[in-house]
Amino acid sequence: MDNNNKILSWLVHEMRTPLTAIKGFASILEDENYSEEEKKKFLNIINWECKRLELMLENISDFDSLISDEKVIIRKQKDIDVCSLGNKCLEIQKIFSKSKHSLVKKFSHEIIKIHTDPEKICQILLNLLNNAVKFSPNGGEITLSIKLYNDKVIFSVEDEGVGIPADKIDEIFEKYERIDKNIEGKGIGLFIAKHLVRTLGGKITAESKKDQGTKITFFLPIE
Ligand SMILES: Nc1ncnc2c1ncn2[C@@H]1O[C@H](COP(=O)(O)OP(=O)(O)O)[C@@H](O)[C@H]1O
Ligand SMILES: [Mg+2]
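Residue numbers (the working numbering): 9 to 231.
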């Protein structure tokens, strides 16, 4: 695959989530049964996902840098409340989850604020949540946890799905690496996630038991 084709496959991979979310929430908006407050929340997500799409196109050079293993430049730094961001990602993920999955959140009670790029964190979390749904074909719980530990925020996404064999776990963050070829995928989501986490100054790890489930954890420094 030449570089242009690679960039195209990254874009297709990353743009699918916001597009599906926009389509999904826009069609819900036509439903009379939702309250004005709920509709406002859906509109907020549509706006947020449109902004993410716009940023992806503006920052195509990010994909180029990732492919050549260069550092992605973080342009936008804001003080963000990570639990609100986690809630937003869960709302978006609901559009993709089949009813057999239950999305559970375990968030710290205190407000955790970090100075970082919210779109990048959303991109990482949605990649992990998408995988959790995709690799749990029989359903089960998917838990997003966010907690504070010393001077770090720890995020984890845990599922009860197909799991990863112990001897393959180190490979999953590599480019185009896919373990279970029966489930559709391109093998770039975790590679993107690993690079973004590293760029934000953190680290990502995986724990898994075959046929029992997987837990992907990453931390970010609070500064
Ligand atoms: N939650 C998970 N449960 C089981 N296997 C997983 C999970 N997340 C990732 N994997 C494994 O890691 C591989 C790489 O993941 P990813 O880069 O997101 O690629 P893709 O989802 O396109 O296959 C997957 O193909 C799968 O084999
Ligand atoms: Mg994936």
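Just so you know, even glycine gets a beta-carbon here, dropped at the ideal spot from N, CA and C.
query	result
So, do the segment 134-150 and the segment 205-224 have three or more beta carbon pairs nearer to each other than 8 Å?	yes
Please output, in chain order, the residues near ligand 2 using a CB cut-off of less than 5 Å to any non-hydrogen atom of the ligand.	N139 and G197
Could you give the DSSP three-state label for S43: helix, strand or coil?	coil
As a quick exercise: from S17, H109, F71 and E127, pick the residue whose alpha carbon is nearest that of Q85.	E127
Is the segment 58-65 touching the segment 26-33 in the sense that three or more CB pairs, one from each, lie closer than 8 Å?	yes
Check each candidate in H203, L228 and V20 and name the one with the smallest Cα separation from S73.	H203
Between K121 and D167, how many whole angstroms is the CB-CB distance? I'm expecting something under 8 Å.	The Cβ separation is near 28 Å, so there is no contact.
Nearest to Y157 by alpha carbon, out of F33, H117, D39 and G193?	H117
Just mark G171 as buried or exposed, buried being the case when its beta carbon has 16 or more other beta carbons within 10 Å.	buried
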